[in-house]
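> Following this message is one structure expressed as C-alpha cells.
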Amino acid sequence: MMPHQPFEEWLLAVHDLSAAEAAKLESHLRECSSCRALATGWAEAERRLEAAPLLAPTEGFAERWQATLVAREIAQRRWQAWLVFGLSLAGALALAVLLGWQVLSSLLSPAHAAVGLLQVMVWVAAAVAAAQEVGLVLVRSLAALVPPGLWIALVVGAAALISLWLITMSRYAIQGVRQ
Amino acid sequence: MRSVSVPQEWVAQARAGDRQAFTLLVEAYQVPVYNLCRRMLGNPGEAEDAAQETFWRAFQALERYDPQRPFATWLLSIAAHYCIDYLRRQRLVALSLEAMPDYHDVPDPAPGPESSAEAHERERRVASMLQSLDPLDRAAIVMRYWYDLSYEEMSEALSLSVSAVKSRLHRARRQLAGVWPESQASGLARGGTHDAAPAV
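Pasting the structure below:
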C-alpha cells in the first residue's frame, strides 16, 4: 500500500511548502489517486470558502439592538427588584418563624419563659453597669493626663466638624429638592 | 477580512458608559458578528438572536475588555463562544439539508433570478459543508476564511493553544476535502450541476 504521509499533511498544510516538498508532493499526486482526490476536494472546498461573502443581517439591526437593550435593562431591573423583595420576604419570614417559636414556647411554658427573660434583663443590666464603670475610670484618668487647653481644642474641633457636616447635608438636601 | 476599523474613541466612550458610542460599534460590527453567527448556526433567525446576544454580552462585559486587544477579535470571541455553547446545547451539528433555511439575504452584486438562484445554491453548499464540522472546528474555519485571523488571534478568541488551533484547522480541512464531493453529489441529485443553479 502506498504511504500517504507526509503528503496528506502537506496537502492540508497550514504553512507554505518548500520547493523540494512541493516537487515531492507533485510527483506523489501523479501516482496516488487517493491523495489526488483529497487535493481536488480540498482545493474546491477552499475555493468555495474563499469566494463566500460576508452575510449581512436584515435592515434595522442596530435599531433592534437598541430596543432589545431597553427591554433587557427593564427585565434586569425588574429581576433585581424581585430579588430584593424575595430576600426581604425570606428574612421577614425567618424572623417571624423565630419570633413565633419564642412566643409559642412562652405560651406553652410561661414560667420558664419569664425566668429566661429575667435572666436576660439581669445580664444586660450588669453589662451596662460594668461598661459605665469602665467608662468613668477611663474619663477620670484621661482628664488627669490631658491638659485643659487640649480639651478645649478637641471640643471646638468636634463642634466645627459637626457644623460643616450639617451645612453640607442641608445644601445637598436643598439641591436634591430643587432637582 | 473583510475587516472593519472604527475610531478607538468609540470604544473608549462606550467603556465610559456612552450608549450612543456603543450603538455606533453595533452598527460598525453588525455584519462581521452576524456573519460569524450565521456561518456557525446556519439559520438566519438564530443568527440574528445570537448576534444580538453577542452585543448584549459585550455591552455588559465592557469593563472587562482589555483595550490592548483588538475590539473586533474580542467581539468575535464572544460570538464564537456563544454559538459553540448554543450548538452543544441544541445538538444541531448534523442539520438536515431539507431544513436548510432560505438564503434571502445573500448579497448579490447583480441581482436577477438566475444569479440569485446560483448564489442561493452556492450558499447552501457552503453552509452544508460547514454544518458537517464540529462546532469548534467550524469556528476555526470561519475565523480563518472570513476574518483572516492569525493563529495567535484565533487561539485567543477560541481559548485554545496555537497548536490546538492548527490541529483543528487541519482536521477541518481534511473533513471538508472529503465532504465536498458528497455535497456536489447531493447538489446533482437535487437537480443541479456543479456550478450552475438548479432548475427553478
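These protein sequence lines map, in sequence, to chains A and B. Quick note: to get my numbering, add 829 to the position in the first sequence (first position is 1). Quick note: to get my numbering, add 75 to the position in the second sequence (first position is 1). All residues carry an ideal CB built from backbone N, CA and C; glycine is no exception.
Can you confirm whether the region 890-897 of chain A touches the region 207-218 of chain B when touching is taken to mean that 3 or more C-beta pairs between the two stretches lie within less than 8 Å?
no
> Counting only the same chain and skipping the five closest in sequence on each side, list residues whose C-beta sits under 7 Å from that of residue 857 (chain A).
Along the first sequence, one-based indexing puts residue 857 (chain A) at 28. Contacts found: 836, 864.
> At 8 Å on the CB atoms, spell out the chain B contacts of residue 891 (chain A), in chain order.
On the first sequence, position 62 is the one that residue 891 (chain A) refers to. Those within 8 Å of residue 891 (chain A) in chain B are 98, 101, 102, 105.
> Using a Cβ-Cβ distance under 8 Å, would residue 886 (chain A) count as near chain B?
The count along the first sequence starts at 1 and reaches residue 886 (chain A) at position 57. So yes, residue 886 (chain A) belongs to the interface.
> Does the Cβ of residue 168 (chain B) have 16 or more other Cβ atoms within 10 Å, making it buried, or fewer, making it exposed?
Within the second sequence, residue 168 (chain B) is the residue found at index 93, counting from 1. The pLDDT assigned to residue 168 (chain B) is 49, lower than 50, so where the model puts this residue is not dependable; a value taken from the coordinates is nonetheless given after this. With fewer than 16 other Cβ atoms within 10 Å, it is exposed.
> Going by DSSP in three states, residue 834 (chain A) sits in which element: helix, strand or coil?
Within the first sequence, the letter at position 5 stands for residue 834 (chain A). Looking at residue 834 (chain A) - three-state DSSP - the assignment turns out to be coil, as it is neither helix nor strand.
> Is it true that the region 131-141 of chain B meets the region 206-213 of chain B, where meeting means three or more beta-carbon pairs spaced less than 8 Å apart?
no
> For the region 189-212 of chain B, enumerate the residues whose C-beta is nearer than 8 Å to any C-beta of chain A, in chain order.
197, 198, 200, 201, 204
> Does the beta-carbon distance from residue 122 (chain B) to residue 109 (chain B) come in below 8 Å?
Against the second sequence, residue 122 (chain B) aligns to sequence position 47. Against the second sequence, residue 109 (chain B) aligns to sequence position 34. Result yes, Cβ atoms of residue 122 (chain B) and residue 109 (chain B) sit closer than 8 Å.
> Within the chosen definition, does the region 878-888 of chain A reach the region 86-97 of chain B through at least 3 CB pairs nearer than 8 Å?
no
> When the Cα atoms are used, what is the spatial distance from residue 164 (chain B) to residue 125 (chain B)?
Residue numbering aside, residue 164 (chain B) sits at position 89 when the second sequence is read from its first letter. Residue numbering aside, residue 125 (chain B) sits at position 50 when the second sequence is read from its first letter. One C-alpha to the other measures close to 14 Å.
> Pick helix, strand or coil for residue 1002 (chain A), following the three-state DSSP scheme.
Position 173 of the first sequence, counting from 1, holds the residue named residue 1002 (chain A). Reduced to three states, the DSSP call for residue 1002 (chain A) is helix.
> Quick check: what's the CA-CA separation for residue 47 (chain B) versus residue 113 (chain B)?
Nothing can be reported for residue 47 (chain B), as the shown portion of chain B is limited to 76 through 275.
> Provide the residue span of the alpha helix (DSSP H) that contains residue 109 (chain B), from first to last.
Along the second sequence, one-based indexing puts residue 109 (chain B) at 34. First-last of the alpha helix (DSSP H) with residue 109 (chain B): 94-116.
> Look up residue 881 (chain A) in the DSSP assignment and say whether it is helix, strand or coil.
Residue numbering aside, residue 881 (chain A) sits at position 52 when the first sequence is read from its first letter. Here residue 881 (chain A) sits in coil by DSSP.
> For chain B, find out if any of its Cβ atoms is closer than 8 Å to the Cβ of residue 874 (chain A); answer yes or no.
As a first step, residue 874 (chain A) must be located in the first sequence, where it is residue number 45. Interface residue, yes.
> Along the chain, where does the alpha helix (DSSP H) that runs through residue 161 (chain B) open and close?
Numbered from 1 along the second sequence, position 86 holds the residue referred to as residue 161 (chain B). Where residue 161 (chain B) is concerned, the enclosing alpha helix (DSSP H) stretches over 146-165.
> Do you know whose CA, among B:107, B:106, B:83, lies nearest residue 96 (chain B)'s CA?
Counting from one through the second sequence, the residue named residue 96 (chain B) turns up at place 21. Comparing Cα-Cα distances from residue 96 (chain B) to each of B:107, B:106, B:83, the minimum goes to B:83.
> Leaving out five residues on either side along the sequence, give the residues of the same chain with a beta carbon under 7 Å from the beta carbon of residue 140 (chain B).
By one-based count along the second sequence, residue 140 (chain B) stands at place 65. So the qualifying residues of the chain are 90, 149.
> Counting only beta-carbon separations shorter than 8 Å, does residue 85 (chain B) have a partner in chain A?
Position 10 of the second sequence, counted from the first residue, corresponds to residue 85 (chain B). No, its Cβ sits nowhere closer than 8 Å to a Cβ of chain A.
> Can you tell me whether DSSP reads residue 180 (chain B) as helix, strand or coil?
Numbered from its first residue, the second sequence carries residue 180 (chain B) at position 105. Annotation note: pLDDT 47 at residue 180 (chain B) (below 50); position unreliable, no value reported.
> Looking at the structure shown, is residue 987 (chain A) part of a helix, part of a strand, or coil, going by DSSP?
Translated into positions along the first sequence, residue 987 (chain A) becomes position 158. In the structure shown, residue 987 (chain A) sits in a helix (DSSP, three-state: H, G or I).
> To test your reading of the DSSP string, which unbroken alpha helix (DSSP H) runs of 4 or more residues are found completely within the region 207-242 of chain B?
210-222, 226-233
> Looking at the unbroken alpha helix (DSSP H) that takes in residue 889 (chain A), where does it start and where does it end?
For the purposes of this step, residue 889 (chain A) is identified with residue 60 of the first sequence, where counting begins at 1. No alpha helix (DSSP H) holds residue 889 (chain A); DSSP gives it neither H nor E.
> Mind checking whether residue 194 (chain B) and residue 117 (chain B) have CB atoms under 8 Å apart?
In the second sequence, counting from the first residue as 1, residue 194 (chain B) sits at position 119. In the second sequence, counting from the first residue as 1, residue 117 (chain B) sits at position 42. No.
> I'd like to check one pair, residue 115 (chain B) with residue 213 (chain B): are the Cβ atoms closer than 8 Å?
Stepping through the second sequence from its first residue, residue 213 (chain B) is reached at position 138. Stepping through the second sequence from its first residue, residue 115 (chain B) is reached at position 40. Against a cut-off of 8 Å, the Cβ pair of residue 115 (chain B) and residue 213 (chain B) comes out as a contact.
> At a Cβ cut of 8 Å, what residues of the region 125-147 of chain B count as close to chain A, listed as they run along the chain?
126, 127, 130, 131, 134
> If we count the other Cβ atoms within 10 Å of its Cβ and call it buried at 16 or more, is residue 94 (chain B) buried or exposed?
The residue you call residue 94 (chain B) lines up with position 19 of the second sequence. Exposed, because fewer than 16 other Cβ atoms sit within 10 Å of the Cβ of residue 94 (chain B).
> Closest to residue 143 (chain B) by C-alpha separation, out of B:231, B:204, B:107, would be which residue?
Within the second sequence, numbered from 1, the residue matching residue 143 (chain B) stands at position 68. Among B:231, B:204, B:107, the Cα nearest to that of residue 143 (chain B) belongs to B:231.
> Contact criterion: CB-CB distance below 8 Å. Does residue 1008 (chain A) meet it with respect to chain B?
Counting from one through the first sequence, the residue named residue 1008 (chain A) turns up at place 179. For residue 1008 (chain A), the predicted structure reports a pLDDT of 43, less than 50, and the residue's modelled location is therefore unreliable. A value from the coordinates is still provided. No, its Cβ sits nowhere closer than 8 Å to a Cβ of chain B.
> Cβ of residue 101 (chain B) versus every heavy atom of the ligand NAP: is any distance shorter than 7 Å?
No copy of the ligand NAP occurs in the structure displayed, which carries no ligand at all.
> Have a look at residue 107 (chain B) and residue 158 (chain B) and give me their C-alpha separation to the nearest angstrom.
Taking the second sequence and counting its residues from 1, one reaches residue 107 (chain B) at position 32. Taking the second sequence and counting its residues from 1, one reaches residue 158 (chain B) at position 83. Cα to Cα, the separation comes out at about 14 Å.
> Helix, strand or coil: which one does DSSP assign to residue 861 (chain A)?
Along the first sequence, one-based indexing puts residue 861 (chain A) at 32. Three-state DSSP puts residue 861 (chain A) in coil, outside helix and strand.
> Does the beta-carbon of residue 127 (chain B) have 16 or more other beta-carbons within 10 angstroms, so that it is buried, or is it exposed?
On the second sequence, position 52 is the one that residue 127 (chain B) refers to. Burial call: buried.
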